[in-house]
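Enquirer:
In the numbering used here, the protein residues as written are 2 to 199.
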């Protein structure tokens, strides 16, 4: 069965590749901001928002490729005061986000949904708690100089598998979840489906 990742996320592709999961990646191009705003207006939980975004992406690609098993995924960051933060998308936003998160703990939730023939057939989510150390302005500038635009599309403004590890004093949770996929649950499902050997 053809497996499609409804994303162009380099981190998600790298995880699947490293785990030996053959797949094709296709961008879903959904309006994440509008969907998130609508769900926030409905007072949806962060878990529901991550799940809904993952489902929308998977459904869109599944309708275009009904014979494939399509994986959609999304991650959200919940700050200590319960608010959500979006991908920074620019240097000024990245600086502001790092200042906001510095010295506090936040939750990162990653959800995944498999769709087949235009219908969801499986879903899972995982969460991690990350405590960011206090960051000097010099550190933030140097960090963003080194990471460049690579982190502008990362929720929380970090890649934990790289220099982002320097931001934290404590991490409670699964590194795969932090990188954007509840990978172990996904691998279990792929074994159930016969995509991977048991």
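Where is the CB? At the ideal position from N, CA and C, for every residue including glycine.
Just so you know, these numbers come straight off a predicted model, no measurement behind them.
Looking only at C-alpha atoms, which of 99, 182, 80 and 139 sits nearest to residue 114?
Expert: As a working mapping, residue 114 is identified with position 113 in the chain shown. Considering only alpha carbons, the answer is 182.
Enquirer: For residue 159, I'd like the list of residues in its chain whose CB is within less than 7 Å of its CB, leaving aside the five on either flank, ordered along the chain.
Expert: One-based indexing of the chain shown puts residue 159 at position 158. 152, 165 and 168, listed in sequence order.
Enquirer: Please report the straight-line C-alpha distance between residue 190 and residue 196, rounded to a whole angstrom.
Expert: For the purposes of this step, residue 190 is identified with residue 189 of the chain shown, where counting begins at 1. For the purposes of this step, residue 196 is identified with residue 195 of the chain shown, where counting begins at 1. Taking the straight line joining both Cα atoms gives about 9 Å.
Enquirer: Give the C-beta separation of residue 31 and residue 57 to the nearest angstrom, bearing in mind that I take them to be a contact with Cβ-Cβ under 8 Å.
Expert: Along the chain shown, read from residue 1 onward, the residue named residue 31 stands at position 30. Along the chain shown, read from residue 1 onward, the residue named residue 57 stands at position 56. Confirmed, about 5 Å.
Enquirer: Report the rounded CA-to-CA distance for residue 17 versus residue 118, giving the unit in angstroms.
Expert: Locating residue 17 in the chain shown gives position 16, counting from the first residue. Locating residue 118 in the chain shown gives position 117, counting from the first residue. In a straight line, the C-alpha of residue 17 is about 22 Å away from that of residue 118.
Enquirer: Tell me where the beta strand (DSSP E) around residue 128 begins and ends.
Expert: Taking the first residue of the chain shown as position 1, residue 128 is located at position 127. It spans 120-133 - the beta strand (DSSP E) in which residue 128 sits, taken as one unbroken run.
Enquirer: Should residue 176 go down as buried or exposed, given a rule of 16 or more other Cβ atoms within 10 Å for buried?
Expert: On the chain shown, residue 176 is found 175 positions in, with the first residue counted as 1. Exposed, by the Cβ-count rule.
Enquirer: What does DSSP give as the partner residue(s) for residue 155 in the beta ladder?
Expert: In the chain shown, the residue the question calls residue 155 occupies position 154. Answer is none; residue 155 lacks a bridge partner.
Enquirer: The beta strand (DSSP E) spanning residue 75 covers which residue range?
Expert: Counting from one through the chain shown, the residue named residue 75 turns up at place 74. Note, residue 75: beta strand (DSSP E), 70-79.
Enquirer: Just mark residue 67 as buried or exposed, buried being the case when its beta carbon has 16 or more other beta carbons within 10 Å.
Expert: Within the chain shown, the letter at position 66 stands for residue 67. Residue 67 is exposed by the Cβ-count criterion.
Enquirer: Which same chain residues, not among the five before or five after residue 41, have their C-beta less than 8 Å away from its C-beta?
Expert: Residue mapping note: residue 41 aligns to position 40 of the chain shown, counting from 1. Excluding sequence neighbours, residue 41 sits near 50 and 85.
Enquirer: Any chance the stretch 90-109 sits against the stretch 135-150, with 3 or more Cβ pairs inside 8 Å?
Expert: Judged by Cβ distances under 8 Å, the stretch 90-109 makes contact with the stretch 135-150, as three or more pairs qualify.
Enquirer: Would you identify the three-state DSSP class for residue 172, choosing helix, strand or coil?
Expert: Position 171 of the chain shown, counted from the start, is the residue given in the question as residue 172. Note: residue 172 maps to strand in three-state DSSP.
Enquirer: Out of curiosity, what's the CA-to-CA distance linking residue 62 and residue 112?
Expert: Here residue 62 corresponds to residue number 61 of the chain shown, with the count starting at 1. Here residue 112 corresponds to residue number 111 of the chain shown, with the count starting at 1. Going from the Cα of residue 62 to the Cα of residue 112 covers about 17 Å.
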